[in-house]
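**Student:** After the structure tokens below, expect a handful of questions from me.
Residue numbers (our numbering): 19 to 448.
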């Protein structure tokens, strides 16, 4: 079993290049099959979730050509199956984007119910509401989402809750529908905008992405395009908090600073220095950090995917902080592991009350999910002594070359597979 061995105590210093956004890549890869023309996608992150989705596309007949590690050409003209049911696809949440894409293009789809991280219930009722409004029948049977439509007609659809997944899935189903679809109370996240831009480059007619009302005029067909995925705001934010928690000085490059505003604002509040340029953000933590209050909200609010990294940082900040999680109910599962490292955190319902401590200490800890895993890594980087993290496959779902990028900033972190390798790591670092 692969693990991370980490010796903490080194400030992270230097520059790090941010990869393409996983949360944008997944719907864009699904959307690429909606034309029979070849589509070239650049700046694709090489992470487990994108690779699983590409395998799923191949399993139904799409031709996937990996030009290089971050560039892929997809030709969907040979798709022969509308059933996606393999062991890989059940492990990722983004499998449901194939429902919207296949339904939109072929008017039918059968896709295994999604998996992903255990951070709380993520119902698909708003997705189903949208597909049914457009004219599809939807059934959950034998662990599959089964949808079919004689025709899809544009409709006005109001989402009862802001849902990124449902917004994306309705867009996918609506771009080739007859007439106009209007999505009200739509999600505004950057990856929703990136998908809309990608589809518009393919000939779709989508307006309003990035606002809470998206208008889609159906077109008869989509065509070939070349497109580069936006940088990953969550990976960037993770390195920004890693700089803060290790008292470091890190410049994250290849980013869109506007996407990071809620993260930058909170880091400024707790005492970090922030410098922004056109495509980079520098975080310097030269003085002791102080407490603050944070509530996760849909974009442009503070992202739920950054909540564990924020909590880890506030755990080493002076005073009492409160973090409220308003998106997912199980997002504090990592707190027990952090307490074992010396944190003083009490969770009450969807709120964590954090009394800052002067230090964390190394421990053997288990990763419960993707973003909590990254947060526990940065906690270990700040801790005194050595930590060993199990279940790092969760981290690989969304972070490309995580340990290599951290090493380039001076972190003492290595991937190990045995007790013998752990002993070698301990001898090497002295």
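The C-beta atom is built at its ideal place from N, Cα and C for all residues, glycine as well. Bear in mind that the values here come from a model prediction, so they are computed numbers and not experimental data.
Within 10 Å of its beta-carbon, does residue 223 have 16 or more other beta-carbons around it, so buried, or fewer, so exposed?
**Tutor:** Flag for residue 223 reads exposed.
**Student:** Helix, strand or coil for residue 93? Go by DSSP, reduced to three states.
**Tutor:** In this structure, residue 93 counts as strand in the three-state DSSP scheme.
**Student:** Does the contact criterion of 3 or more C-beta pairs under 8 angstroms hold for the segment 395-406 versus the segment 365-376?
**Tutor:** No, the segment 395-406 does not touch the segment 365-376.
**Student:** Expressed to the nearest angstrom, what Euclidean distance is found between the alpha-carbon atoms of residue 141 and residue 444?
**Tutor:** Approximately 45 angstroms between the Cα atoms of the pair.
**Student:** Could you please give the first and the last residue of the uninterrupted beta strand (DSSP E) stretch that includes residue 364?
**Tutor:** Unbroken beta strand (DSSP E) run through residue 364: 362-366.
**Student:** Does the segment 184-194 come close enough to the segment 44-51 that 3 or more CB-CB pairs lie under 8 angstroms?
**Tutor:** Touching, per the Cβ criterion.
**Student:** In angstroms, rounded to a whole number, what distance separates the CA positions of residue 441 and residue 414?
**Tutor:** Their backbone Cα atoms lie some 24 angstroms apart in a straight line.
**Student:** Starting from residue 404, trace the beta strand (DSSP E) in both directions and tell me its first and last residue.
**Tutor:** It spans 404-408 - the beta strand (DSSP E) in which residue 404 sits, taken as one unbroken run.
**Student:** Quick one: grab the DSSP three-state call for residue 346.
**Tutor:** The answer is coil: DSSP assigns residue 346 none of H, G, I, E or B.
**Student:** Please classify residue 24 as buried or exposed, where buried requires at least 16 other C-beta atoms within 10 Å of its C-beta.
**Tutor:** Buried, because 16 or more other Cβ atoms sit within 10 Å of the Cβ of residue 24.
**Student:** Does the segment 256-264 come close enough to the segment 30-40 that 3 or more CB-CB pairs lie under 8 angstroms?
**Tutor:** At 8 angstroms Cβ cutoff, the stretches touch.
**Student:** Counting C-beta neighbours from all protein chains within 10 Å, is the total for residue 296 16 or more, i.e. buried, or is it exposed?
**Tutor:** Its Cβ having fewer than 16 others within 10 Å, residue 296 is exposed.
**Student:** Among 388, 311, 355, which one has its Cα closest to the Cα of residue 406?
**Tutor:** Nearest option by C-alpha distance: 355.
**Student:** Classify residue 132: buried if its beta carbon has 16 or more other beta carbons within 10 angstroms, exposed otherwise.
**Tutor:** With 16 or more other Cβ atoms within 10 Å, it is buried.
**Student:** Quick check on residue 139: buried or exposed, where buried means 16 or more other Cβ atoms within 10 Å of its Cβ?
**Tutor:** Its pLDDT being 49, under 50, residue 139 is placed unreliably by the model, and the measurement read from it follows with that caveat. Residue 139 is exposed by the Cβ-count criterion.
**Student:** Does DSSP classify residue 311 as helix, strand or coil?
**Tutor:** Here residue 311 sits in strand by DSSP.
**Student:** The alpha helix (DSSP H) that contains residue 446, what's its start and end?
**Tutor:** 437-447 is the span of the alpha helix (DSSP H), which, as asked, contains residue 446.
**Student:** What are the start and end residues of each continuous alpha helix (DSSP H) run of 4 or more residues lying completely inside the segment 49-84, in chain order?
**Tutor:** With a minimum length of 4 residues, the continuous alpha helix (DSSP H) runs that stay inside the segment 49-84 are 66-77.
**Student:** Going by DSSP in three states, residue 249 sits in which element: helix, strand or coil?
**Tutor:** Looking at residue 249 - three-state DSSP - the assignment turns out to be strand.
**Student:** Go to residue 328, then tell me how far its alpha helix (DSSP H) extends in each direction, as first and last residue.
**Tutor:** Per DSSP, residue 328 belongs to the alpha helix (DSSP H) from 325-332.
**Student:** Report the option in 20, 22, 35, 19 whose CA atom is closest to the CA atom of residue 427.
**Tutor:** Of the listed residues, the one whose Cα sits closest to residue 427 is 35.
**Student:** I need the DSSP call for residue 87, collapsed to helix, strand or coil.
**Tutor:** Coil, per DSSP.
**Student:** Which same chain residues end up closer than 6 angstroms to residue 66 when comparing Cβ atoms and leaving out the 5 residues on each side of it in sequence?
**Tutor:** For residue 66, where only same-chain residues beyond five positions count, the Cβ hits under 6 angstroms are 414, 415.
**Student:** With 16 as the cutoff for other CB atoms within 10 Å, does residue 176 come out buried or exposed?
**Tutor:** It is exposed - the Cβ of residue 176 has fewer than 16 other Cβ atoms within 10 Å.
**Student:** At the level of alpha carbons, what is the spacing between residue 431 and residue 421?
**Tutor:** Whole-angstrom Cα-Cα distance: 6 angstroms.
**Student:** Taking DSSP as the reference, what is the three-state secondary structure of residue 237?
**Tutor:** DSSP places residue 237 in coil when its eight states are reduced to three.
**Student:** Residue 367: buried (16+ other C-beta within 10 angstroms of its C-beta) or exposed?
**Tutor:** Residue 367 is exposed by the Cβ-count criterion.
**Student:** For residue 184, which residues from the same chain have a beta carbon less than 7 angstroms from its beta carbon, with the 5 sequence-adjacent residues on both sides left out?
**Tutor:** 144, 145, 148, 177, listed in sequence order.
**Student:** Excluding five sequence neighbours on each side, which residues of the same chain lie with their C-beta closer than 8 angstroms to the C-beta of residue 96?
**Tutor:** So the list reads 79, 80, 81, once near-sequence residues are dropped.
**Student:** With DSSP as the reference, label residue 37 as helix, strand or coil.
**Tutor:** In this structure, residue 37 counts as coil in the three-state DSSP scheme.
**Student:** Excluding the 5 residues flanking residue 357 on each side, which residues of the same chain have their C-beta closer than 8 angstroms to its C-beta?
**Tutor:** Around residue 357: 363.
**Student:** On the DSSP bridge assignment, give the partners of residue 165 in chain order.
**Tutor:** Paired residues: 127, 156.
**Student:** Using a 10 Å radius around the Cβ and a threshold of 16 neighbouring Cβ atoms, would you call residue 286 buried or exposed?
**Tutor:** The residue in question, residue 286, is exposed, as its Cβ has fewer than 16 Cβ neighbours within 10 Å.
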